[in-house]
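One structure below.
Protein chains: 4
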Amino acid sequence: MSKLQVAVIGAGYWGPNLARNFRNSPDWDLVAVCDLDEARARKVVGARSTVEVVTSLPEVLARDDVDAVAVATPAATHAAIVTAALEAGKHVVVEKPIADGGQAGRAMVALAAERGLTLMVDHTFCYTAPVLKIRELIADGSLGEIQFVDSVRINLGLVQPDVDVFWDLAPHDLSILDFILPGGLVPTAVGAQGADPLGVGQSCVGYLTLPLPGGAMAHVHVNWLSPTKIRQFVVGGSKKTLVWDDLAPQQRLTVFDRGVDLRATTADRTAAQVSYRLGDAWSPALKEAEALGVMVAEFAAAIREGRPPRTDGSAGLRVLDVLEAAGRSLGEAGRLVPVAGNVGAGAA
Amino acid sequence: MSKLQVAVIGAGYWGPNLARNFRNSPDWDLVAVCDLDEARARKVVGARSTVEVVTSLPEVLARDDVDAVAVATPAATHAAIVTAALEAGKHVVVEKPIADGGQAGRAMVALAAERGLTLMVDHTFCYTAPVLKIRELIADGSLGEIQFVDSVRINLGLVQPDVDVFWDLAPHDLSILDFILPGGLVPTAVGAQGADPLGVGQSCVGYLTLPLPGGAMAHVHVNWLSPTKIRQFVVGGSKKTLVWDDLAPQQRLTVFDRGVDLRATTADRTAAQVSYRLGDAWSPALKEAEALGVMVAEFAAAIREGRPPRTDGSAGLRVLDVLEAAGRSLGEAGRLVPVAGNVGAGAA
Amino acid sequence: MSKLQVAVIGAGYWGPNLARNFRNSPDWDLVAVCDLDEARARKVVGARSTVEVVTSLPEVLARDDVDAVAVATPAATHAAIVTAALEAGKHVVVEKPIADGGQAGRAMVALAAERGLTLMVDHTFCYTAPVLKIRELIADGSLGEIQFVDSVRINLGLVQPDVDVFWDLAPHDLSILDFILPGGLVPTAVGAQGADPLGVGQSCVGYLTLPLPGGAMAHVHVNWLSPTKIRQFVVGGSKKTLVWDDLAPQQRLTVFDRGVDLRATTADRTAAQVSYRLGDAWSPALKEAEALGVMVAEFAAAIREGRPPRTDGSAGLRVLDVLEAAGRSLGEAGRLVPVAGNVGAGAA
Amino acid sequence: MSKLQVAVIGAGYWGPNLARNFRNSPDWDLVAVCDLDEARARKVVGARSTVEVVTSLPEVLARDDVDAVAVATPAATHAAIVTAALEAGKHVVVEKPIADGGQAGRAMVALAAERGLTLMVDHTFCYTAPVLKIRELIADGSLGEIQFVDSVRINLGLVQPDVDVFWDLAPHDLSILDFILPGGLVPTAVGAQGADPLGVGQSCVGYLTLPLPGGAMAHVHVNWLSPTKIRQFVVGGSKKTLVWDDLAPQQRLTVFDRGVDLRATTADRTAAQVSYRLGDAWSPALKEAEALGVMVAEFAAAIREGRPPRTDGSAGLRVLDVLEAAGRSLGEAGRLVPVAGNVGAGAA
């Protein structure tokens with residue numbers, strides 16, 4: 003099977019990672035790296051290499067030896083670049099968020115469908131071993147009915163002029179939720195609370211509340227203000243509760259048996275409180291692999307099999323719709339507001 | 003110095019712990035344990051003991067050899083029992099919440115003041131080594147300006163007919179916030195979101211948002227539905243960030259230096275993201291002691307010195323006011339609502 | 003069933019813990035606490051109590067209302083006190099080590115057997131939830147054949163004039179090994195290495211090597227010189243490996259599946275090395291209970307059922323024999339030396 | 003400054019890592035990869051690359067555009083390859099152990115000195131952030147006098163026909179000890195105990211005891227038989243104790259203050275034992291960087307500055323001498339035996 007040929011557009015923060023993974027992949031031949039800044043692109047390509055450096059987007063899109071492009075440019079440029087690439091007949095994988103607005107995103111998804119091209123969003127976390135395992139444990143019923151999901155993502159972030167902590171960090175959590183929840187991320191409403199203790203004009207600490215169909219609730223805490231990372235993701239199910247601590251390398255996923263009937267607890271409340279946990283815990287072996295490597299393999303497989311990739315344009319839109327709803331809730335003192343996309347989906 | 007004499011009222015879940023600590027205290031002489039259920043009270047007293055067992059509250063309150071009572075009965079009974087005790091001239095420490103409504107609570111505080119008696123609320127967590135140290139590190143400026151506080155308290159809880167997860171668990175977090183924040187817990191508003199995935203008629207998963215004066219925000223996640231405990235409390239300050247993980251016995255408190263200037267981060271976003279943390283971390287030695295032992299010592303000291311105890315009736319009221327506001331916010335889809343008590347405070 | 007009556011001899015470091023557990027036990031009636039220092043004994047008894055304080059050992063042993071005694075005095079006094087108690091017809095539980103020499107220990111065991119009395123050694127760790135579970139997992143074959151056991155016990159210790167780190171700390175590890183190994187602790191030899199970096203005249207850091215029948219090996223690291231505790235106990239079996247970290251309250255025991263065939267590893271050495279572990283991990287629920295409470299219950303059960311307790315005098319002797327052999331190995335530059343007791347056992 | 007030119011010899015397990023780091027280094031130009039297996043070498047080089055693939059060692063060594071070689075072949079071949087490279091005038095970095103015997107190792111070191119060429123041993127761990135920091139904290143006196151060092155390295159290993167666990171794993175620990183101890187690794191003697199519970203004919207579990215000048219002791223536990231990794235390194239000093247847990251990414255190094263005077267502990271033994279630690283703990287920020295990248299930079303700097311690299315041939319010899327002494331101790335039931343090299347050092 004011959005390799006697919008790809009060019010990486012954008013040699014900034016994420017582009018080098020994409021380039022490295024396409025290079026190491028048995029599915030792909032990295033043909034070129036494109037950036038307005040030639041030196042930056044050349045650095046990604048490295049010495050003693052025949053991968054080409056291009057500074058013109060039209061030039062890359064005009065090449066016959068490019069089947070697909072990977073777009074790692076700022077979100078505000080996604081719509082224009084992705085649209086041009088699709089119109090040039092290239093398959094596309096684009097960084098998240100898919101676009102900076104729902105309308106642009108919908109147009110991109112429609113264009114890809116119309117042209118019969120693959121449009122994938124690089125929801126990288128969905129290709130990590132823990133998230134793939136969580137999806138599996140929910141899908142096969144191991145956890146039971148989902149009762150709550152709580153995600154905490156505390157990082158030292160970069161206060162940026164044009165983006166708040168929701169748009170910067172929450173796409174990670176929302177894309178994971180979209181990937182693991184059986185019906186995708188279709189909350190019945192969205193509530194958002196934000197704080198700007200530095201007075202920079204936008205939220206640096208943010209909380210999202212996402213009531214789910216059936217009475218469950220997802221909640222996301224994103225935070226730029228801590229010099230230490232916390233990445234903790236809890237899925238509470240009727241049978242088991244799963245804790246993913248991404249910073250505990252030996253025990254990243256732990257699944258806790260309920261171990262006791264809820265009524266049994268009633269009888270001896272003291273016992274329940276002094277014990278640190280009830281029931282056995284189990285930590286599944288994870289098949290470690292670099293997520294981006296799994297992502298580029300999925301991109302190739304989707305193109306070859308003519309099927310939607312796991313994190314397709316629609317997944318990108320669902321994430322985008324929640325982000326836009328969060329903005330509206332912030333304007334209404336955190337009140338739960340409906341999600342535009344879901345209404346559309348319901349109407350369809 | 004002669005010992006103060008005390009009776010414990012209520013021999014249920016918490017009463018035995020109070021009794022044990024009064025017994026072991028050099029400040030106190032435990033005279034009697036009072037409960038309607040004589041066998042239960044007798045079990046608390048134990049064999050080969052001359053501590054008395056009493057089944058009548060008036061009988062205990064009428065005794066001359068009782069200076070103070072500790073009330074560990076259901077919240078709905080607090081107002082009546084505490085009022086009777088104060089009227090009998092006894093100093094009182096009462097379990098949290100101080101009462102089941104703001105009006106009753108205010109009356110109790112007023113009565114104690116009028117009679118010149120000590121009224122203390124057993125906010126036990128405020129007497130633990132980590133909380134005492136957090137208060138100290140905030141008070142002495144080590145953390146800088148507080149930017150956010152995030153508290154997570156996930157337990158396997160007891161679904162009760164008359165109380166939701168906010169009233170059951172959040173008093174712990176709120177009393178800690180009240181204790182460590184320089185001005186006490188006086189949020190500018192309260193937002194609450196709750197979920198009832200079991201369909202039991204009240205929230206089993208709850209989130210509280212508490213904007214603080216100056217742009218900071220406190221947030222509380224209380225949750226009954228997990229077979230494993232999570233107790234994580236993060237205080238983000240302008241100088242340092244503190245993480246309290248109550249289940250990590252060797253490193254319960256960790257203080258993280260910011261370590262880099264925020265602007266410096268901008269220059270090399272990649273570096274900031276690949277490193278798990280920036281700057282040194284420091285874990286202060288904690289002087290371990292049973293919190294209830296510290297609490298009963300404070301109760302004695304407050305009585306002897308004629309000063310308010312660290313967690314006095316007013317602290318109990320501030321917690322109560324937030325709980326009541328949370329209920330109102332729940333009724334308004336999570337919108338931020340004002341806190342009754344603070345209005346009063348502002349008017350004063 | 004009437005309660006057994008017990009007196010505690012020695013109100014120093016450990017005696018108060020014994021007294022408290024006998025007091026709280028449904029099996030026992032604590033009659034008296036005996037110590038040459040009356041004030042110290044009185045403090046253990048506490049206020050408003052009718053438990054008696056006695057300063058004369060003969061007086062306690064002469065009482066008819068004392069079925070058993072618990073001896074918590076210095077090791078050098080065990081032989082005399084235990085012998086007197088047995089001769090007075092009392093059942094005995096004694097702190098570890100059972101005696102300060104093998105000869106005295108053997109005489110005590112023989113005397114108890116002759117009088118038909120229970121002689122138990124307080125190997126407290128053998129009554130903790132983790133050790134009980136480890137014993138069970140070895141006994142039922144879950145771990146497979148034992149290949150190695152490695153125990154690390156690092157504490158800040160008290161440099162004492164008359165005892166080295168082996169005699170102070172290793173009895174804990176040796177008693178655990180004796181309890182969990184199917185045939186008890188009968189190493190084929192003992193090697194010991196010690197260091198005295200402070201120049202205090204005896205080992206403050208010690209290592210014991212204990213080759214076991216069948217080619218396995220146990221190893222113990224005891225260390226007084228660290229301000230932080232490490233308590234880590236690893237049991238490597240042919241099927242699974244168990245790690246007990248006593249300072250990780252939520253995950254004290256973890257059992258790791260081998261997960262791969264050893265030959266399979268050969269094929270891809272890299273994979274084995276980059277992954278933190280292979281196979282699933284499992285952390286059994288532990289039924290938490292205070293170990294001393296379990297111990298006093300076992301003492302009562304052994305007396306009532308006329309059977310040897312789980313940690314009987316012979317267990318104490320096996321531990322003692324290893325300690326004595328370790329001393330000989332230290333004198334021979336760490337060379338493996340035979341264990342006296344095992345020779346005797348073989349000859350029997 | 004022009005780049006130094008290098009060829010990697012051996013494209014097996016470790017060679018690809020070396021190649022990748024030379025490629026990414028600003029100091030180096032990777033000219034060729036040499037392996038008898040051309041396909042294996044070609045895979046290391048990758049697609050769209052002009053790095054050459056060579057199957058003949060003499061051909062590589064004859065090239066003028068090769069300043070240095072990195073040797074990543076089996077230990078038994080090191081002497082022949084390194085000697086040929088030095089005779090061809092190339093600087094050399096070689097994998098550990100430097101050779102499979104002391105005599106060969108000494109000849110290599112002598113030849114490099116004679117030719118004025120750099121001979122470096124790839125003691126990779128010495129270029130990791132934790133080890134560099136430990137060295138610094140010992141060198142600047144932060145830890146005080148070293149009292150003990152304890153290293154545990156438990157991995158699932160590959161049982162190999164020609165090498166035991168000491169030769170496979172202990173070079174890591176010994177090279178670290180050599181790097182951090184002020185005078186290098188010059189133990190006064192070596193004791194070794196090994197176990198072969200699988201009956202494979204060589205030790206799979208091993209313990210090394212290394213008394214150090216001044217009464218301190220280093221100890222190493224290497225172990226192939228566990229499906230889970232443990233990598234724990236404790237340095238006990240008179241002022242502080244340092245714990246390096248390589249699997250705790252957020253807190254890899256922790257430094258514990260003694261916090262109390264030893265005598266003070268005596269007074270209240272109970273307090274010392276119930277507390278998990280005494281004194282503050284501190285976890286220094288580590289500047290994360292791939293160790294091999296730091297190593298290749300040091301190799302270039304040593305060549306350019308004409309100075310010995312940090313882990314030079316002599317360091318490799320000190321490690322080798324301990325391994326050989328360990329073999330002799332194993333033959334004498336674990337008795338402490340002298341180290342050959344140190345005698346020579348003493349005589350010099």
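In order, the protein sequences belong to chains A, B, C and D. For the first sequence, the residue numbers in our numbering are 3 to 350. For the second sequence, the residue numbers in our numbering are 3 to 350. For the third sequence, the residue numbers in our numbering are 3 to 350. For the fourth sequence, the residue numbers in our numbering are 3 to 350. Ideal Cβ placement from N, Cα and C applies to all residues, glycine included. For clarity, every value in this text was computed on a predicted model and none was experimentally measured.
In the structure shown, lysine 98 (chain A) falls within a coil segment according to DSSP collapsed to helix, strand and coil. Contact annotation: alanine 317 (chain B) and histidine 125 (chain B) have beta-carbon atoms nearer than 8 Å. For arginine 337 (chain C), the residues of chain D that pass the 8 Å Cβ criterion are Glu334, Ala335, Gly336 and Arg337, in the order they occur in the chain. Sequence-distant partners of glutamate 97 (chain D) (beyond 5 residues in either direction) whose C-beta falls short of 7 Å from its own C-beta, in its chain, are Trp16, Val73, Ala74 and Asp124.
Taken atom to atom, the span from the alpha-carbon of asparagine 225 (chain B) to that of glycine 186 (chain D) is near 54 Å. The Cβ atoms of asparagine 23 (chain A) and leucine 322 (chain A) do not sit closer than 8 Å to each other. For the C-beta of proline 213 (chain B), the chain A residues within less than 9 Å are, from N- to C-terminus, Gln195 and Ala197. Of all residues in the stretch 43 to 76 of chain A, those with a C-beta nearer than 7 Å to a C-beta of chain D are Gly48, Ala49, Arg50, Ser51, Thr52 and Val53, reading in chain order. Taken in chain order, the complete alpha helix (DSSP H) segments of 4 residues or longer contained in the stretch 126 to 163 of chain B are 131 to 141.
Rounded to the nearest angstrom, the gap between the Cα atoms of tyrosine 129 (chain C) and leucine 280 (chain D) is 27 Å. By the criterion of a C-beta distance shorter than 6 Å, valine 161 (chain B) is surrounded in its chain by Val202, once the five residues flanking it on both sides are discounted. In terms of Cα proximity to phenylalanine 127 (chain C), the closest of C:Ala335, C:Val298 and C:Leu325 is C:Val298.
Here valine 84 (chain C) has Val73, Val94, Val96 and Met110 as same chain residues with Cβ atoms under 7 Å from its own Cβ, once five neighbours each way along the sequence are excluded. The alpha-carbon separation between tryptophan 169 (chain D) and valine 324 (chain D) amounts to approximately 10 Å. Non-local beta-carbon contacts of glycine 193 (chain A) in its own chain, meaning distances under 6 Å to residues more than five positions away in sequence, involve Thr211, Ser331, Gly336 and Leu338 in chain order. Taking 8 Å as the CB threshold, threonine 256 (chain B) stays off the interface with chain C.
Annotation: leucine 32 (chain A) to glutamine 204 (chain B) spans about 56 Å, alpha carbon to alpha carbon. Of the candidates C:Leu179, C:Leu113 and C:Thr256, the residue whose Cα lies closest to the Cα of lysine 231 (chain D) is C:Thr256. Straight through space, the alpha carbons of arginine 42 (chain B) and leucine 139 (chain C) are spaced by roughly 39 Å.
Residue state for glutamine 7 (chain B) is assigned as strand, using DSSP reduced to three classes. In this chain, the alpha helix (DSSP H) harbouring leucine 171 (chain B) covers 167 to 182. In this structure, the beta-carbon distance from alanine 220 (chain B) to valine 207 (chain B) does not fall below 8 Å. Each residue's CA atom was taken as its position, placing glycine 14 (chain D) and glutamate 292 (chain D) some 20 Å apart. The Cβ neighbour count for alanine 141 (chain D), taken over all protein chains shown within 10 Å, is under 16; the residue is labelled exposed.
In the structure shown, lysine 45 (chain B) adopts helical secondary structure according to DSSP, grouped into three states. With 16 or more other Cβ atoms from the protein chains shown falling within 10 Å of its own Cβ, glycine 107 (chain D) counts as buried. A residue is called buried once 16 or more other Cβ atoms fall within 10 Å of its Cβ, and alanine 172 (chain B) is buried on that count.
In this model, aspartate 164 (chain B) and glycine 159 (chain D) are separated by some 58 Å (Cα to Cα).
In the three-state scheme derived from DSSP, where H, G and I count as helix and E and B as strand, arginine 312 (chain A) is classed as coil. The Cβ neighbour count for lysine 135 (chain D), taken over all protein chains shown within 10 Å, is at least 16; the residue is labelled buried. The count of Cβ pairs closer than 8 Å, one atom from the stretch 177 to 185 of chain D and one from the stretch 243 to 259 of chain C, stays below three, leaving the stretches out of contact. Annotation for glycine 238 (chain C): the continuous beta strand (DSSP E) segment containing it runs 227 to 239.
Chain-ordered, the chain C residues with CB closer than 7 Å to the CB of proline 286 (chain A) read Asp282. The CB of proline 132 (chain D) never comes closer than 7 Å to any CB in chain A; the least such distance is about 15 Å. Chain order gives the chain A residues near arginine 25 (chain D) as Gly48, Ala49 and Arg50, where near means a beta carbon separation below 9 Å. Proximity of glutamine 253 (chain D) to chain B, defined by a Cβ-Cβ separation below 8 Å, is satisfied.
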